Every structure is written in C-alpha cells, then in structure tokens.
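Chains as they are written, first to last, in this note's numbering: chain A, 9 to 243; chain B, 197 to 504.
The structure under discussion appears below in the form of structure tokens.
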Amino acid sequence: MEALTDPLIETRELTKIYPRKREAPVVAVNGVNIRIFSGEFLAIVGRSGCGKTTLLNLIGALDRPTSGAVIFKNKNLGAFSQRDLALLRRQKVGFIFQTFNLLPALTAFENIEVALATMQMSRDERRQKAKTLLESLELMDKAEHLPLELSAGQQQKVAIARAMARDPPLILADEPTGEMDPVTGGEIASMLVELNQKHNVTVVVTSHGTFPYKLAKRVLFMKDGKIVSQEQAEY
Amino acid sequence: MNVVEAVRALPGVDDAAPYLMFIRGNLTIGGIDISRLATNTTAVSPENVVEGRYLKAADLDGVLLDEVSAGLMKLDVGNNINAFNHTFKIVGIVNPKVFSQPAGMADMYALIEVVRDIMKSDSGSTYLMGSGDTNVILVEAAHVGEVEEVDAVKQSVLEALEAVGEKGSLAGYGCSTPARVVVSITEENAWVVSLIVVMSVTLFSLKSQFGVIVERTKEIGILKAIGWVDSDVMKQILVESVLQGFVGGLVGMCLGYILAFLFPLFGIMSAEGLTLAVSPLVIIGGLVAALLGGIVAGIFPAWQAAKL
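Right under this line is the structure:
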C-alpha cells in the first residue's frame with residue numbers, strides 16, 4: 009500500500025443546517041474536520057440520522073455546506089459554480105446509493121451507457137465500455153433487463169458499474185448494502201474492496217451496520233453530526 | 197320597357213339582369229351583363245375569379261372559362277378557345293358554385309352582346325324572348341331570407357312574363373351573398389381558429405411538461421449526481437418536447453390528409469357543393485407550427501428541470 013500522505017479531500021469545520029418552518033433547525037453535520045487520502049478505503053459508521061449521508065453529499069459536491077469548506081485536491085469547492093460542481097462529479101466522483109437509483113426505464117446496459125452520454129466518446133466506444141464493465145461483473149446476460157427485473161444485488165452491481173464507468177478516482181457509497189441480504193452484501197463489499205486495492209480507487213462508504221466496515225482501512229464513527237472517534241486498521 | 201326592365205320594376209325585386217344561354221354540342225356559353233347586380237349574385241361575379249381577371253366592357257373577344265371546364269380542356273388564362281364559330285381569348289377562370297342547382301351555370305361566359313351576335317348568326321339558334329334580348333332573366337330578390345316574400349316575387353315575375361306574352365319558368369335561386377364569399381370568410385377565419393387551437397394545445401403541452409418534470413425530479417437528480425450539467429438536462433427535456441411536437445404534427449397531418457381525401461368519397465360536402473382540399477403550404481405550415489409549439493412548450497420546463 010502506498011503511503012497515504014496527500015489528502016484527496018479535506019473538510020474544515022464543515023457544517024450543514026436544514027432550517028424547519030415550525031421546529032428548531034436540524035444540524036445534520038456539525039463542524040466536521042476530516043481528511044480523506046488518495047487510495048484509502050474509509051468507512052463512516054453511525055446510527056440512522058447521524059449525518060453520514062449529508063456528509064457524503066457534501067464531500068461529493070451534491071450539496072453545499074451552510075458553513076465550513078470542502079477542499080478537493082487543494083481547491084475549495086465553495087468557490088465552484090453549479091456547473092463546475094457538476095463537472096467535478098462527472099470527472100472525479102462515482103456515486104453508489106443505498107436504493108441503487110438506477111433509471112427504471114433503461115436497461116442495465118443503458119444505465120451504464122447514460123453515465124457516459126456526456127463524455128467525448130463515440131457511440132461504439134460508449135457501448136464497448138459498458139459491455140466491458142458488465143462482463144467484469146458477470147452480468148452480460150442481464151444487459152437487456154430493466155432494473156425491476158434484477159435482484160437487489162444485481163442492481164447494485166450495475167450501479168457500481170455505472171459509478172465506475174468514467175474511471176473516477178473517488179467512489180462514494182451511501183449504505184451500499186443496506187437493501188440486501190448479508191451474503192449479497194458481502195459480495196458488494198468485496199467488489200468495493202477490489203476496486204480499492206486493485207485499481208487504487210479511493211472509496212468512502214457510509215454504514216449504519218449493514219456493511220462489513222471492518223474491511224475498511226480506517227473507520228470514522230459519527231454521532232449527532234460530529235465525528236466522535238476513529239479506528240485505523242493495522243497495515 | 198322590355199321584359200327585363202319590367203321584372204326589375206316589380207316590388208320585392210332588387211335587380212334583374214338579362215342572361216343568354218346558348219348550347220351547341222356539349223358546350224354552353226352564358227352571355228352576361230357585367231354591369232348588373234343580379235349577374236354577380238346569380239351567375240358569375242368578379243369574386244368568382246380564381247385566375248386571371250373578370251370581363252371588361254371592351255372584352256368583345258374575351259371569355260371567362262369555368263374552372264372545371266378549363267381543367268377538362270386543359271386550357272389556361274391567355275389561351276385561345278374556338279367555340280361557336282368564334283375565337284375567344286380566355287381572360288379569366290371562374291368558379292361560381294353559387295347555385296345548388298346549376299340554372300345559370302355555363303362552360304364559359306362572355307359579354308351578352310357577343311353571345312347575342314353569335315346566336316343571331318347561328319342558323320340553329322335557340323329561342324330568344326321578346327325583342328331578342330335574352331332567354332333567361334336573372335332576378336335578385338330584395339328579401340331572400342323570407343320565404344313568403346320570395347314566393348310573392350316569383351309569382352309576380354311569372355305574371356309579368358305572361359303579361360308580355362312570354363311563358364317562363366323559374367329555375368333555381370340563391371342567396372344574395374355569393375356562397376364563395378361566405379366560404380372565403382370561413383377560410384380566412386379558419387386561420388384564426390387554427391391559431392387559437394395551436395396556442396391552446398401548446399399551453400396544454402406546457403402544463404403537461406411541467407407535470408412530467410415534477411414526476412422526473414428523482415431521475416433528474418440521479419442524472420445530475422452522475423455528472424450531467426444543467427445544459428445536458430435542459431437539452432434532454434427540450435429534445436423530448438420537440439420530438440413530441442414533431443410526431444404529433446406528423447400524425448395530425450397524415451390524419452387530416454386522409455380525412456380530406458375521404459370526405460368527398462363519402463359525400464361529405466357543404467351546401468354549396470364544396471369539399472375539403474389540402475394545400476401543400478398548409479401541410480408544411482401545420483408541421484412547422486407543431487415544431488414551434490414543441491419548442492415553446494418545452495423551453496421553460498427544460499429550464500426549470502435544469503435548475504432542480
């Protein structure tokens with residue numbers, strides 16, 4: 009394993025507050041300071057509602073913080089326009105969601121293709137890339153199936169393929185095994201570990217307990233919007 | 197006072213005009229007095245001209261050719277036609293369609309004095325009334341909407357003819373406003389109606405698109421999460437809207453064309469014998485309107501979707 013010295017992402021007093029009309033505002037993320045290094049496999053663990061998903065969305069430029077900063081490769085994302093954030097997500101980040109979030113009207117093959125639709129690629133190149141990814145996941149026989157026709161595990165595999173389609177350096181997975189049985193969850197977890205170890209992709213996973221977070225090299229424990237402790241695996 | 201003047205002087209008669217009908221072989225020529233109202237309202241008028249121009253007082257060799265006859269004989273404005281031992285020059289092509297009964301319809305129309313000369317020089321000429329002015333009297337009644345008054349006029353015309361020793365019969369009468377004028381008003385208003393329909397459909401499509409955007413919020417969110425920028429989303433929604441407009445326009449165009457083709461086959465016509473015709477310009481215009489409608493209906497929803 010390479011020495012993890014340069015933070016790919018750093019958060020500084022990162023805070024996200026959701027205002028409510030007749031109730032007190034919700035502080036989802038409260039002054040979080042973390043560093044995520046290139047090539048790292050990081051798990052963020054905590055109970056439901058502790059702010060894991062919000063933290064992941066902020067790191068992945070899907071949302072803007074109320075205060076604080078997200079520094080991505082020494083660039084403050086707060087200075088980015090919406091378009092720049094979208095381009096960052098396109099080029100640098102792959103998302104995997106708990107509920108897969110595949111486009112229901114598209115086949116497995118097309119769901120991967122759509123991630124490449126905005127790239128400067130020919131149609132044949134796009135199709136070849138999608139085919140390669142599906143073959144690596146042993147899902148070519150399901151290529152023409154709609155998401156509804158796939159099992160939970162198969163859908164998540166397609167979602168992983170979609171996230172990897174543009175070869176991002178960072179994968180953010182929000183409860184990736186939350187909707188499946190432990191055996192299938194184990195397969196998904198193994199896939200993410202393989203991405204990290206063989207392809208040097210930085211992987212950040214959130215979990216409330218369904219993901220075998222011991223597979224991660226570092227675990228951050230989160231409670232009430234704050235990072236309360238950390239565990240580091242021994243190399 | 198000749199018979200035409202006698203009829204013109206009757207109460208309830210707005211105007212009376214002499215009209216000569218001469219038939220030889222399978223051709224009919226109508227001699228018209230172009231200065232009379234009754235000619236315009238019951239035989240042929242300048243408003244019936246579809247090509248060229250109406251007759252003028254100096255057109256001693258000029259003739260108006262009926263549109264159907266022109267098509268059959270493959271003649272056009274400017275051509276000469278030899279008929280009734282006379283060479284005429286076609287100055288205009290007309291489509292009267294004023295009558296529900298073709299009482300005054302002819303294949304061609306010339307000045308009445310020209311037709312009178314033709315008839316007089318023809319050894320087999322038809323009957324001419326009285327002083328030989330005419331064999332048909334065109335009558336424009338004053339109150340055409342009132343059946344009893346028109347019947348009274350009819351009766352008085354027949355009595356007037358009897359009084360001068362002529363026997364006549366009334367054949368066909370039409371409304372005072374030539375049907376073609378009514379149709380042209382309808383045709384003009386059809387564009388206004390079409391515009392209203394297009395605007396209504398566009399607004400409905402706009403509302404529908406907004407509804408679709410709301411339903412697709414999650415889908416748009418997923419696309420943005422995987423790297424679609426606002427312009428990508430906007431382009432997607434706009435292209436879908438334009439395609440919908442185009443396909444809708446194409447289907448409507450084909451359906452309209454088929455209906456226009458079927459209507460005459462099933463005898464669906466107006467009281468004046470008119471049926472639908474399809475102009476290529478209208479077809480293209482309809483398709484362009486559908487495309488524009490798709491753009492208009494899609495552009496604001498597309499912008500809204502991009503901002504989600």
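Glycine included, C-beta positions come from ideal geometry on N, C-alpha and C.
Given the structure is predicted, the values throughout are model-derived calculations rather than measurements.
### Query
So the beta strand (DSSP E) Val508 of chain B belongs to, where does it begin and stop?
Any question about residue 508 of chain B goes unanswered here, given that chain B covers just 197 to 504.
### Query
How many Å lie between Thr237 of chain B and Glu336 of chain B at the Cα?
7 Å
### Query
Can you list, in chain order, the residues of the stretch 415 to 429 of chain B whose Cβ is nearer than 9 Å to any Cβ on chain A?
Glu415, Gly417, Ile418, Leu419, Lys420, Ala421, Ile422, Gly423, Trp424, Val425, Asp426, Ser427, Asp428
### Message
Does the CB of Leu111 of chain A have a neighbour CB from chain B at under 7 Å?
### Response
yes
### Query
Pro214 of chain B by DSSP, collapsed to three states: which one?
strand
### Query
Taking Cβ to Cβ, would you say Lys168 of chain A is nearer than 7 Å to Val209 of chain A?
Checking the sequence, you will find Ile at residue 168 of chain A rather than Lys. In this structure, Val209 of chain A does not lie closer than 7 Å to Ile168 of chain A by Cβ.
### Task
Write down every uninterrupted run of the beta strand (DSSP E) in the stretch 32 to 62 of chain A whose length is 3 residues or greater and which is fully enclosed by it, in chain order.
34 to 40, 43 to 45, 49 to 53
### Task
Verify the CB distance criterion: does Arg135 of chain A have a CB-CB separation below 7 Å to chain B?
no
### Task
Have a look at A:Ala113, A:Arg72, A:Arg55 and flag the residue whose alpha-carbon is nearest the alpha-carbon of Ile93 of chain A.
Looking at the sequence itself, residue 93 of chain A is Leu, so the reference to Ile does not match. Nearest of A:Ala113, A:Arg72, A:Arg55 to Leu93 of chain A, Cα basis: A:Arg72.
### Start and end residues, beta strand (DSSP E) containing Asp558 of chain B
Past the boundaries of the shown model lies residue 558 of chain B; chain B is included only from 197 to 504, so the question cannot be answered.
### Query
Beta-carbon of Thr61 of chain A versus every beta-carbon of chain B: anything under 7 Å?
no
### Query
What's the gap between the Cα of Gly267 of chain B and the Cα of Gly274 of chain B?
14 Å
### Task
Measuring alpha carbon to alpha carbon, tell me which of B:Arg312, B:Gln500, B:Leu251 ends up nearest Arg412 of chain B.
B:Gln500
### Proximal residues to Glu195 of chain A (C-beta, below 6 Å), its chain only, five neighbours per side dropped
none
#### Entry: Minimum C-alpha distance to Lys137 of chain A - residue among A:Val122, A:Lys150, A:Asp149
A:Val122
### Query
DSSP state of Val360 of chain B, grouped into three classes?
coil
### Task
Determine whether the Cβ of Thr140 of chain A lies closer than 7 Å to any Cβ atom of chain B.
no
### Task
Decide if Ile286 of chain B is buried, meaning its Cβ has at least 16 other Cβ atoms within 10 Å, or exposed.
buried
### Task
Taking a Cβ distance cut-off of 7 Å, strictly less, list which residues of the stretch 71 to 103 of chain A are near chain B, in chain order.
Gln90, Arg91, Ala94, Leu95, Arg97, Arg98, Phe103
#### Entry: Straight-line gap, Phe406 of chain B to Gly448 of chain B (C-alpha atoms, nearest Å)
23 Å
#### Entry: Cβ neighbour criterion (16 or more within 10 Å) applied to Lys206 of chain A
exposed
### Task
Taking only the alpha-carbon atoms, compute the straight-line gap between Pro374 of chain B and Ser401 of chain B and give it to the nearest angstrom.
In this prediction, Pro374 of chain B scores a pLDDT of 39, lower than 50, which makes its location untrustworthy; the coordinate-derived value is nonetheless stated afterwards. One C-alpha to the other measures close to 41 Å.
### Query
Mind checking Trp387 of chain B: buried by the 16 CB within 10 Å criterion, or exposed?
exposed
### Task
Give the secondary structure of Ile433 of chain B by DSSP, where H, G and I count as helix, E and B as strand, and everything else as coil.
helix
#### Entry: Within-7 Å CB hit, Ala1 of chain A to chain B
Here chain A has residues from 9 to 243 only, and residue 1 of chain A is not among them.
### Task
Could you round the C-beta distance between Phe229 of chain A and Ala197 of chain A to whole angstroms and report it? I think they count as a contact, below 8 Å.
Not quite, the Cβ-Cβ distance comes to about 18 Å (not below 8 Å), so this is no contact.
### Backbone secondary structure at Arg226 of chain A - three-state DSSP
strand
### Task
Count the other C-beta atoms from every protein chain shown that fall within 10 angstroms of the C-beta of Tyr221 of chain A, then say buried if there are 16 or more, exposed otherwise.
buried
### Message
Between which residues of its own chain and Leu147 of chain A is the CB-CB distance below 7 Å, once the five residues before and five after are set aside?
### Response
Ala116, Gln162, Lys165, Val166
### Message
From the DSSP secondary-structure annotation, give me the bridge partner or partners of Lys24 of chain A.
### Response
A:Val37
### Task
Run the CB neighbour count on Val200 of chain B, radius 10 Å, all protein chains shown included, and call it buried at 16 or more, exposed below.
buried
### Query
Is it buried or exposed for Arg131 of chain A, if we count other Cβ within 10 angstroms and need 16 for buried?
exposed
### Message
In chain order, what are the residue ranges of uninterrupted alpha helix (DSSP H) at least 4 long that sit wholly in the stretch 59 to 125 of chain A?
### Response
60 to 67, 90 to 100, 116 to 124
### Message
From the DSSP secondary-structure annotation, give me the bridge partner or partners of Asn291 of chain B.
### Response
In DSSP, Asn291 of chain B forms no bridge with anything.
### Task
Please state whether DSSP places Lys29 of chain A in a helix, a strand or coil.
coil
### Query
Is Leu223 of chain B near Asp303 of chain B, with beta carbons less than 7 Å apart?
yes
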